[in-house]
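J.:
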Amino acid sequence: MAIIIDESTRVVVQGITGGQGKFHTRVMREYGTNVVAGVTPGKGGGEVDGIPVYDSIREVMELADASIIFVPAPFARDAALEAISGGMDPVVIITEHIPVHDSIEIMDRAVSHGTRIIGPNTPGILSADKCKMGVMPSHIFKKGSIGLISRSGTLTYEIVDALSRNALGQTTTVGLGGDPIVGLGFIELLDLFEADNETEAVVLIGEIGGNAEELAAEHIKQNISKPVIGYIAGRTAPPGKTMGHAGAIISGSAGTAKAKIEALQSANIKIAEKPGDIPELVKSSI
Amino acid sequence: MAIIIDESTRVVVQGITGGQGKFHTRVMREYGTNVVAGVTPGKGGGEVDGIPVYDSIREVMELADASIIFVPAPFARDAALEAISGGMDPVVIITEHIPVHDSIEIMDRAVSHGTRIIGPNTPGILSADKCKMGVMPSHIFKKGSIGLISRSGTLTYEIVDALSRNALGQTTTVGLGGDPIVGLGFIELLDLFEADNETEAVVLIGEIGGNAEELAAEHIKQNISKPVIGYIAGRTAPPGKTMGHAGAIISGSAGTAKAKIEALQSANIKIAEKPGDIPELVKSSI
Amino acid sequence: MKLHEYKAKEIFAEQGIPVPSGILVKGPEQLKELQHPVALKSQVLVGGRGKAGGIKFADNIDDAKSVLEELFKLKIKGLAVKQVLVEEKLDLEGAQELYLGFVEDRAAKTITAMMSAAGGIDIEQVASEMPEKIIKKQLQPGLKTLNPYEAREMAIQIGLKGATMTKVADIMCKLFNAMIVHDAVLAEINPLVITKDGMIIATDAKMNIDDNALFRQKNLLKDVDISEEYTPIEQKARKYGLAYVELEGDIAVIGCGAGLVMASLDTIKLYGGEPANFLDVGGGATAENMKQALEVVAMKDNLKSIFINIFGGITRCDEIANGIVEFEPKIPIALRMMGTNEDEGKKILKEHGYNVFDSMEDCAEYAVKLASGEEGR
Amino acid sequence: MKLHEYKAKEIFAEQGIPVPSGILVKGPEQLKELQHPVALKSQVLVGGRGKAGGIKFADNIDDAKSVLEELFKLKIKGLAVKQVLVEEKLDLEGAQELYLGFVEDRAAKTITAMMSAAGGIDIEQVASEMPEKIIKKQLQPGLKTLNPYEAREMAIQIGLKGATMTKVADIMCKLFNAMIVHDAVLAEINPLVITKDGMIIATDAKMNIDDNALFRQKNLLKDVDISEEYTPIEQKARKYGLAYVELEGDIAVIGCGAGLVMASLDTIKLYGGEPANFLDVGGGATAENMKQALEVVAMKDNLKSIFINIFGGITRCDEIANGIVEFEPKIPIALRMMGTNEDEGKKILKEHGYNVFDSMEDCAEYAVKLASGEEGR
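Quick mapping for you: the protein sequence lines, in order, are chains C, Y, V and F.
To convert, note that position 52 of the first sequence is 52 in my numbering; the numbers rise steadily by one, no gaps.
Count along the second sequence from 1, add 1000, and you get the number used in my numbering.
Count along the third sequence from 1, add 2000, and you get the number used in my numbering.
Count along the fourth sequence from 1, add 3000, and you get the number used in my numbering.
(1) Can you find the residues in the same chain that come closer than 6 Å, C-beta to C-beta, to residue 2349 of chain V, ignoring five residues on each side of it along the sequence?
(2) Using a Cβ-Cβ cutoff of less than 6 Å, which residues in the same chain neighbour residue 2308 of chain V once the five nearest sequence positions on both sides are dropped?
(3) When you compare the segment 3021-3032 of chain F with the segment 2276-2286 of chain V, are there three or more beta-carbon pairs, one atom per stretch, that lie closer than 8 Å?
(4) Do residue 3268 of chain F and residue 3303 of chain F come within 7 Å of each other at the CB atom, strictly closer than that value?
(5) Which two residues bound the contiguous alpha helix (DSSP H) that contains residue 3256 of chain F?
(6) If you measure from the beta carbon of residue 2173 of chain V to each beta carbon in chain Y, is any gap under 7 Å?
(7) Kindly identify the DSSP beta-bridge partner or partners of residue 2188 of chain V.
(8) Going along the chain, which residues of the segment 2180-2207 of chain V sit with their C-beta nearer than 8 Å to a C-beta in chain Y?
(9) Going by DSSP, what residues sit across from residue 3349 of chain F in a beta bridge?
(10) Buried or exposed for residue 3148 of chain F, going by 16 or more other Cβ atoms inside 10 Å?
(11) In the DSSP assignment, find the unbroken beta strand (DSSP E) run with residue 2338 of chain V in it and report its ends.
(12) At 8 Å on the CB atoms, spell out the chain F contacts of residue 351 of chain C, in chain order.
(13) Quick check on the burial criterion: 16 or more other C-beta atoms within 10 angstroms. Buried or exposed for residue 3057 of chain F?
(14) Could you spell out where the beta strand (DSSP E) holding residue 3042 of chain F opens and where it closes?
(15) Along the chain, where does the beta strand (DSSP E) that runs through residue 72 of chain C open and close?
(16) Going residue by residue through the segment 1165-1242 of chain Y, where are the continuous beta strand (DSSP E) segments of at least 3 residues, counting only ones entirely within it?
(17) When DSSP builds the beta bridges, which residues end up paired with residue 67 of chain C?
(18) Output the distance between the C-alpha atoms of residue 2009 of chain V and residue 2041 of chain V, rounded to the nearest integer angstrom.
(19) Is there a Cβ of chain V sitting closer than 7 Å to that of residue 175 of chain C, yes or no?
(20) Name the chain Y residues that come within less than 8 Å of residue 3153 of chain F, Cβ to Cβ?
(21) Is residue 2147 of chain V close to chain C? Criterion is C-beta to C-beta, closer than 7 Å.
(22) Give the interface partners of residue 1015 of chain Y over in chain F, defined as CB-CB distance under 9 Å, in chain order.
(23) Once you ignore the five residues that flank residue 241 of chain C on each side, which residues in its own chain have a CB closer than 8 Å to its CB?
(24) Mind the definition here: the segment 1163-1178 of chain Y touches the segment 1146-1155 of chain Y only if three or more C-beta pairs lie below 8 Å; say whether that holds.
(25) Does residue 3265 of chain F get closer than 7 Å to chain C when you measure Cβ to Cβ?
(26) Between the C-alpha atoms of residue 2185 of chain V and residue 2209 of chain V, what's the straight-line distance to the nearest angstrom?
(27) Examine chain F for any beta-carbon lying closer than 7 Å to the beta-carbon of residue 243 of chain C, and answer yes or no.
(28) Please determine, among C:41, C:16, C:189, the residue with the shortest C-alpha to C-alpha distance to residue 29 of chain C.
(29) Figure out for me which residue from F:3337, F:3314, F:3233, F:3246 has the closest Cα to the Cα of residue 3295 of chain F.
(30) Could you compute how far the alpha carbon of residue 140 of chain C sits from the alpha carbon of residue 166 of chain C?
(31) May I ask you to list, following chain order, the residues of the segment 1066-1082 of chain Y that have a beta carbon less than 9 Å from some beta carbon of chain F?
(32) In whole angstroms, give me the CA-to-CA distance for residue 1196 of chain Y and residue 1216 of chain Y.
(33) Could you tell me the distance, in whole angstroms, from the CA atom of residue 3152 of chain F to the CA atom of residue 1076 of chain Y?
(34) Answer with yes or no whether the minimum CB distance from residue 3163 of chain F to chain Y is below 7 Å.
(35) Counting only beta-carbon separations shorter than 7 Å, does residue 2112 of chain V have a partner in chain C?
(36) Scan the segment 2250-2265 of chain V for residues whose Cβ lies nearer than 8 Å to a Cβ of chain Y and list them as they occur along the chain.
If you want it as structure tokens, here you go:
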């Protein structure tokens, strides 16, 4: 088992004819991902590495289940709405720096369609030895029983690598995405890992800002029986420039590494001091 | 029985402090309507004829069930959305000449909230001897067993008067409203009359333009067992100026009095030549 | 309110839709020089101006001036040509003509988008004979911008490919913006031309603005001259805010509410009369409105009688009565009045010697007899 | 991107929000005459300028000019005053101060509207001590215009009545328009003043524009001078599109991805070092980006070592390696590199004599030792 994607997932790549799209399509296929089609408006009828390119998601609705988006930020809203309306699920948005107002619309539409969005600005999702929809370096992953959820991209690789080197393979690894507004969060994914037979423990990688980790801690107390191991980046970061009065009014004192670590510890989650400490904490938990 | 409104309906008047609002509030109360509150933003705390005035629907959500709107067209969209979000049902929009784009938004919101809109540009709805939410001349109505649905305002009075003079009282009379885009239509109301124990027959008053009568005829064939008597205004009207090519593409040949009369006759509906003929046709049907 | 082609093209250009370069002239002397061959297009708000000789071409300034002389003498369906759009003439040999449009869809309670590869002057024929050649899509109600992917799906469906497909979709989105920004009930490009070297350009443009939204579209009213679209009587009626349609007969009809006025026309006809007009004073008419209505219908020559049919709901009979007695119509009048404040209204009228009917049919019959001279005046 | 008060007020005025009349001066000589007493407000993009003496008053032109002389010499939280907004001084005696604001709400994935009757400089204290005094409302995601009734409900909730309630609600709607039209992530008026004679006016204005939306807000970039908000090194970083935050230490840190860079800082600290900066080259960085990153961190004085921590996903290690060898850093470097195209990257670096770590912790420790002089350079 794994969560969200596996060997049966048929993937369409939106923006397949761009540099990143082309490169990562090849790398994803090498990992075993079943990439069935690409979409680039105006380039329909062509192909990339033998994969047929279409003008629209509508034309691939019967062929594909899930979409990964590489199109530039100004066009990402349109691509994502097209994927959602075409029934793709999940929709993985690699594109970074999408305007906030666009992301708000994307997430709202996704909720009303029941679509799971991963990202934007995510390294993607990878179910080890089954399917990769993302840009992570494939060779660091190893099949196993650890689920991993991360707000950070490259830090995820760091920790996956540490786990794999310590013979701790993974079920599924998910990057939530680094943009201010993203789709799936810790809570939805914790529930999926809780329900997944193969997953024995979950590693949760957070960072300063927002209150997602605090909410996750609360959720774990109530609903998650599997061991969770945490790491929070930004312990030594200087306090960021706040966004006018409004930022302070909305977020209050939440968002510091200290607050997050305390919240997680209060839910009996072991917190690593540095990424390299995580494998030991995992081993002692399972 | 009656449909949609009866003696238990608690009514709020939006725009109660305006000339029309004030006048018709008094007339509605004289008819027996339970007007419990008025709303005019900025005039909260006052009263009109002993009825308390509030600044918002939110403040009267517990007091009132249904709203009637008299505010001027530029503000009607806001008033209607406020009534819908405040849970009022039905919402009767007397205001005429609301911009089409505003009406589209009102009707969309109403559908998603399950709110029944009557109008805009409607004389309103009246359940004889029970409740009047509208501007019809009260004295022409008489309690009885005929349901009446009309696309026209004043023509409705004409026909109600003819019925009453011929001892044919009414259960509920509904004006659908004369603006291009309106809320409830023939079909929804036919179904309500079909289900209403007291209603023995329904009079349907249509006019040229659109295809509401044609769709109603189709619906009656399939779903309505009670006798329906029809009248279509505009038999001799010259063909209207069409709206560019697009109008012709959308509406095709539908919309003439001839087409409507034929459609209704094909559903075994008796059609009156002039309003004065309706009472005879009703009598011979029940 | 219909916009002239030149005005619609101005709006399209603001939204980034490619249109031919052109200038508007109000007389032949305003054309000073030509850089290239031109099309000279009469700006009248009726269809079929091409077939009526309202569109001409010229290769040089002398030809263009003499064509303009001609056009400014032309009447198209009764409308004098007062403005001509002089536009760069395009090479349309081998060009493809598309149809792009948006229209309010009353039944669907939203805007419907339309696109066809069979654009041009025969689009209405296509609509009735080969409706499958026109792609229609009902848009999400309340949409403020058309999603490019939705426009592309339509462009793909009409058979476009490659860059042409994406460019046409982009124009479709901009056309929708024009519709939304200006409260239009109709916006269409017919044809959108794709020349054989791939240039895409809107060679005709139509926009109808929602009359009910003009209060927030005041800038569009600035250079509107309604004298073209309407007869003098219709202009007067519009000025007063009255719904008026001119007809062929000799019995003026005034009523409150479009349905009642239509039924009044139908009834006049049933009794053998010929209505001279349709006039709806609207709901809640005041004495002043009623006076204005009488002033408008009285403008027509050869009027034989006036049928006034009022069933007051939001309209109060006393207001109507006051309007009638203040105007003192010179033409014989058949008067029917019921409804709100009926007693007060009837009292006023009787005090001034007017007879008032209760039955619409009886009153219509009387109006017809007045017109035929059977009843004394 | 934060906007200056004067710019935000320009935008507010375009939307119809009442603001005091004023002019922007860039030097005392630009002020020619005064019609009335004025407030002179330093235009700096930091909070607390009032307490720092950045806001003064004057009754006549001579006083005003000498105040301006003073202000243009002032530094507020390290920022030189380069522009002063000279505004009509209002009679605020007995006035009420409201707070109106909109902000992107990451957790709710929408915009949250806020209103309070306790506006003014202490609003943050109100937020933490009496949060019930601030009304918050999460708006429907994707809303393009705020419905007036929603604004009125908030105004009623903070205790406003009558015409003041409707006017404040109207300003709230206009503030939302400003937010939407300009892709703001924050728009606020604090305070919105209601004078004792009922005049309503926005005496301060804040707007932050979404940096990610600047591609469609180019007109806002026209008169922006980033030299004020940022240090010279930060300006260079922004020019290159690099995320850079200046810190106090002596070990430069470069990484790809904010999380990894933060973890790198944390690890440097764990080993007793002091980071000199935070620099994220971002995803998919090229050799050129890497060169620019090195150029930026090297601008800082007293740098002892550079810690480069790359775990390539979308970033390719060979690009990073090429950037490093092309720049040839003069300062000792601790280099860690893994991930996409790792072998190619390591090969390039080894050919140029660089030692590459696999472990982030080991490399961080090495960077600290380099800085302390424990390791040879």
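Note that beta-carbon positions come from the ideal geometry of N, C-alpha and C, so glycine has one too.
Treat the numbers as computed from the prediction; the structure is a model and nothing was measured.
T.: The answer reads as follows:
(1) The count along the third sequence starts at 1 and reaches residue 2349 of chain V at position 349. Contacts found: 2321, 2356.
(2) As a first step, residue 2308 of chain V must be located in the third sequence, where it is residue number 308. Same-chain partners within the cutoff: 2254, 2335.
(3) no
(4) By 1-based counting over the fourth sequence, the position of residue 3303 of chain F is 303. By 1-based counting over the fourth sequence, the position of residue 3268 of chain F is 268. No, the pair does not count as a contact, with Cβ atoms beyond the cut-off.
(5) Indexing the fourth sequence from 1 puts residue 3256 of chain F at position 256. Run containing residue 3256 of chain F: none; DSSP gives neither H nor E here.
(6) Start at 1 with the first residue of the third sequence, and residue 2173 of chain V comes out as number 173. No, residue 2173 of chain V lies away from the interface with chain Y (no Cβ there is under 7 Å from its Cβ).
(7) Indexing the third sequence from 1 puts residue 2188 of chain V at position 188. In DSSP, residue 2188 of chain V forms a bridge with V:2101, V:2206.
(8) 2180, 2183, 2185, 2186, 2188, 2190, 2206
(9) Translated into positions along the fourth sequence, residue 3349 of chain F becomes position 349. DSSP, once it has assigned bridges, lists no residue as partnering residue 3349 of chain F.
(10) One-based indexing of the fourth sequence puts residue 3148 of chain F at position 148. By the neighbour-count rule (16 or more Cβ atoms within 10 Å), residue 3148 of chain F is buried.
(11) The residue labelled residue 2338 of chain V in the question sits at position 338 within the third sequence. First-last of the beta strand (DSSP E) with residue 2338 of chain V: 2333-2339.
(12) Only positions 1 to 286 of chain C appear in this structure, which leaves residue 351 of chain C out of reach.
(13) In the fourth sequence, residue 3057 of chain F corresponds to position 57, counting from 1. Burial call: exposed.
(14) Here residue 3042 of chain F refers to the residue found at position 42 of the fourth sequence. 3038-3042 is the extent of the beta strand (DSSP E) around residue 3042 of chain F.
(15) Locating residue 72 of chain C in the first sequence gives position 72, counting from the first residue. It is not in any beta strand (DSSP E) - residue 72 of chain C carries neither H nor E in the DSSP assignment.
(16) 1170-1175, 1201-1207, 1228-1233
(17) For this step, residue 67 of chain C is matched to residue 67 along the first sequence. Note: residue 67 of chain C sits in a beta bridge opposite C:12, C:91.
(18) What you label residue 2009 of chain V is simply residue 9 of the third sequence in a count that begins at 1. What you label residue 2041 of chain V is simply residue 41 of the third sequence in a count that begins at 1. Cα to Cα, residue 2009 of chain V sits roughly 13 Å from residue 2041 of chain V.
(19) Reading the first sequence from its first residue, position 175 is the one you call residue 175 of chain C. Answer no: the Cβ-Cβ gap between residue 175 of chain C and chain V never drops below 7 Å.
(20) Sequence index remark: in the fourth sequence, residue 3153 of chain F carries index 153 (1-based). Under the 8 Å cutoff, chain Y gives 1056, 1058.
(21) Locating residue 2147 of chain V in the third sequence gives position 147, counting from the first residue. Chain C contact via Cβ: present.
(22) Reading the second sequence from its first residue, position 15 is the one you call residue 1015 of chain Y. Ordered by position in chain F, no residue passes the 9 Å Cβ test against residue 1015 of chain Y, which lies about 13 Å from the chain.
(23) In the first sequence, counting from the first residue as 1, residue 241 of chain C sits at position 241. Residue placement at residue 241 of chain C is poorly supported in this model, since its pLDDT is 44, which falls under 50; the coordinates still yield a value, given next. Nothing listed; no residue qualifies.
(24) yes
(25) On the fourth sequence, residue 3265 of chain F is found 265 positions in, with the first residue counted as 1. Chain C, which has a Cβ nearer than 7 Å to the Cβ of residue 3265 of chain F, makes this yes.
(26) Mapped onto the third sequence, residue 2185 of chain V falls at position 185. Mapped onto the third sequence, residue 2209 of chain V falls at position 209. Computed Cα separation, rounded: 6 Å.
(27) The sequence position of residue 243 of chain C within the first sequence is 243, counting from 1. For residue 243 of chain C, the predicted model reports a pLDDT of 41, less than 50, meaning its position is unreliable; a value from the coordinates is still stated below. It does: the Cβ of residue 243 of chain C has a partner Cβ on chain F nearer than 7 Å.
(28) Taking the first sequence and counting its residues from 1, one reaches residue 29 of chain C at position 29. For the residues C:41, C:16, C:189, the minimum Cα distance to residue 29 of chain C belongs to C:16.
(29) Start at 1 with the first residue of the fourth sequence, and residue 3295 of chain F comes out as number 295. Ranking the options by Cα distance to residue 3295 of chain F, first place goes to F:3233.
(30) Along the first sequence, one-based indexing puts residue 140 of chain C at 140. Along the first sequence, one-based indexing puts residue 166 of chain C at 166. If I take the Cα positions, the gap works out to 12 Å.
(31) 1075, 1077, 1078, 1079, 1081, 1082
(32) As a first step, residue 1196 of chain Y is located in the second sequence; it is residue number 196 there, counting from the start. As a first step, residue 1216 of chain Y is located in the second sequence; it is residue number 216 there, counting from the start. Rounded to whole angstroms, residue 1196 of chain Y to residue 1216 of chain Y spans 18 Å at the Cα level.
(33) Reading the fourth sequence from its first residue, position 152 is the one you call residue 3152 of chain F. Reading the second sequence from its first residue, position 76 is the one you call residue 1076 of chain Y. Going by the C-alpha atoms only, they are around 15 Å apart.
(34) Within the fourth sequence, residue 3163 of chain F is the residue found at index 163, counting from 1. It does: the Cβ of residue 3163 of chain F has a partner Cβ on chain Y nearer than 7 Å.
(35) Counting from one through the third sequence, the residue named residue 2112 of chain V turns up at place 112. No, because no Cβ of chain C sits closer than 7 Å to the Cβ of residue 2112 of chain V.
(36) 2255, 2256, 2257, 2258, 2259, 2260, 2262, 2263, 2265
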